[in-house]
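Data first, discussion second: the structure below is written as structure tokens.
Number of protein chains: 2
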Amino acid sequence: MLTSLGARRRRVPAHQTIFREHDQKHEAYVVQSGWTCIYKMLPDGGRQVLNFPLPGDIVGLYNISLAGSQFSFESLTDAEVSPIPLAMIEQASTFPNVAQAIRWSAARDAAIIAEHLVNLGRRSALVRTAHLILETSARLEQIGVETVDGFDCPLSQSWIADALGLTAIHLNRVLRELREAELVTVRVGHVTVHDYDRLAELAVFEADYLEPPQRGPRSNH
Amino acid sequence: MLTSLGARRRRVPAHQTIFREHDQKHEAYVVQSGWTCIYKMLPDGGRQVLNFPLPGDIVGLYNISLAGSQFSFESLTDAEVSPIPLAMIEQASTFPNVAQAIRWSAARDAAIIAEHLVNLGRRSALVRTAHLILETSARLEQIGVETVDGFDCPLSQSWIADALGLTAIHLNRVLRELREAELVTVRVGHVTVHDYDRLAELAVFEADYLEPPQRGPRSNH
DNA sequence: CGAAACATTGACACGCTTCAACAGTGGTGG
DNA sequence: CCACCACTGTTGAAGCGTGTCAATGTTTCG
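Here is the structure:
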């Protein structure tokens, strides 16, 4: 598991920046506990959240290949992260398991961000809000969180809105609509899913892009 | 150079699908010539373009780490692509130069798609159209195309609109606006840049995310 | 307790989509 | 060779989804 990559653990209080856009080359991190966020700021003060990395996710893998970081990384709750030495990534090949784990993580991140792109480009506010909720639910389930009727979620409406490319005000209205349709209720620290099936139908949600590759019969080669 | 990765070259006529979303595990490709496109389709017929891979770009690197492809890959013009054997990617570590090149390509792709996410989430239609034009110009310049006053560009307004999350109709109006502001003219096969500086100012365009890492003094480690 | 962050609601404006119509262009087959 | 068709581009009018501005309630936390 990737969570075993980091020998050191660093405790990070809530709402602290771990690295910032345009920072010089530096380490990658594995999130060990807590909720975090990667985002880009615009000159006009706008903010676009790229993803909410959860425990087990690697952040900043590509910082080592670019001149500087392309986004900021911040804790949303109290969290723990483990720095991954640059050398381990550049020489990951000598540890095939590590190399495989890193490739899988990178592939999954790319798939998530691509899905977010589809979300912003081609889905209505209602549908993409539903989609993000379901994606988050599926990711939590993958790391062992019980999500049958919902899940604890520390995200404020501002953060969710910044991930969905909406204003917080409009997101609030969208959440009301989802609540009044008895699909899902998003409250301070908790998301309650009332009707998973109808929610998934609304969001046209397919979780396949989050799943690890099949361990079954290998393809031809 | 990555363009030397592929021993075989495959000619592909315009508007041909090279691989499709949900296809089983298969090879990655290096684009050798021509314009191509990666996109995802929605059940309602909507289409979101993720990127327009150009010569030198690697496509489908992550297909090998996921159960199936997450997007479709198609030629927009007559093109040439070189398949990269799966084995070469999985054992890239034994060829440090190849491993480094692949990491760099993956990092750049991630940076481009993240920038597209910001584009869709937080910029107006006018600004993000300008941004895409400038990004394309910068990428062409990197591969040796002369772009001082513009560049040849086979993209139809439909394709551009599907990359920007707009309708083709609205994109048409946006292009008219850019033309009437004497910033840039987008025509059938050619983009003419009238005033690069004002266009870059409008788009708040910073090309740093496209640049290779500095070869200068290394950071501390 | 007080302050700051977060959530909620209303009214209004505007950007983008939708629907509809038509022109230009290139390719194809009769 | 030309008529036709599919695709692309262009324009107008109207509707609606989302943003903006403003105000108030609510929760959290020092």
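For the protein sequence lines, the chains are A and B, in the order given. Numbering-wise, our numbering comes out as the position in the first sequence, counting from 1, plus 7. Numbering-wise, our numbering comes out as the position in the second sequence, counting from 1, plus 7. Quick reminder that beta carbons are idealized off the backbone N, C-alpha and C, glycines included. Computed from a predicted structure; not experimentally measured.
Contact note: residue 164 of chain A does not reach chain B at a C-beta cutoff of 7 Å; the least C-beta distance is about 16 Å. Secondary structure at residue 136 of chain A: helix, using DSSP grouped into helix, strand and coil. For the pair residue 38 of chain B and residue 86 of chain B, the CB atoms are nearer than the 8 Å cut-off. Residue pairing for residue 65 of chain A: DSSP places it in a beta bridge opposite A:37.
Going by beta carbons, residue 82 of chain A and residue 19 of chain A fall inside the 8 Å limit.
Under the 10 Å beta carbon count, residue 195 of chain A is surrounded by fewer than 16 other beta carbons and is classified as exposed. The DSSP-derived three-state label of residue 79 of chain B is strand. Residue 46 of chain B and residue 120 of chain B have their C-alpha atoms spaced approximately 12 Å apart. Residues 144, 147, 152 and 198 of the same chain have their beta carbon placed closer than 7 Å to that of residue 158 of chain B, with the five preceding and five following residues left out of the count. The continuous alpha helix (DSSP H) containing residue 181 of chain B extends over residues 175-187. Here the region 172-180 of chain A does not lie against the region 102-114 of chain A, with fewer than 3 beta-carbon pairs under 8 Å apart. Look at the beta carbons and you see the region 124-135 of chain B touching the region 163-175 of chain B: at least three pairs across the two are nearer than 8 Å.
Comparing C-alpha distances from residue 214 of chain A to each of A:131, A:118, A:97 and A:186 shows the shortest one belongs to A:118.
Taken through DSSP and simplified to helix, strand or coil, residue 149 of chain B comes out as helix.
Counting C-beta atoms within 10 angstroms of its own C-beta, residue 62 of chain A has 16 or more neighbours from the protein chains shown and is therefore classed as buried.
Residue 53 of chain B and residue 40 of chain A have their C-alpha atoms spaced approximately 37 Å apart. For residue 195 of chain B, the secondary structure class from DSSP, reduced to helix, strand or coil, is coil. Going by beta carbons, residue 191 of chain A and residue 181 of chain A fall outside the 8 Å limit. Taking 8 Å as the cut-off, the Cβ atoms of residue 50 of chain A and residue 193 of chain B do not count as close. In chain order, 124 make up the part of chain A whose C-beta sits under 7 Å from the C-beta of residue 123 of chain B. Leaving aside the five residues that flank residue 160 of chain B on each side, the residues in its chain whose CB is nearer than 6 Å to its CB run, in chain order, 198. Taking C-beta atoms as the reference points, residue 137 of chain B and residue 185 of chain B count as a pair closer than 8 Å. About 13 Å separates the CB atoms of residue 66 of chain B and residue 17 of chain B; that is not less than 8 Å, and the two are not in contact. For residue 86 of chain A, there is no enclosing alpha helix (DSSP H); the enclosing beta strand (DSSP E) covers residues 86-91.
Pairing residue 34 of chain B with residue 103 of chain B gives a Cβ-Cβ distance that is not under 8 Å.
In this chain, the beta strand (DSSP E) harbouring residue 55 of chain A covers 54-58.
Interface flag for residue 215 of chain A against chain B is set, since a Cβ pair is found closer than 8 Å. Annotation: residue 15 of chain B is outside any beta strand (DSSP E) and is labelled neither H nor E by DSSP. Beyond the five residues adjoining it in sequence on each side, residue 97 of chain A comes within less than 8 Å, by CB distance, of 71 in the same chain, given in chain order. Taking a contact as a CB-CB distance under 8 Å, the pair residue 114 of chain B and residue 36 of chain A does not count as one, their CB atoms being some 16 Å apart.
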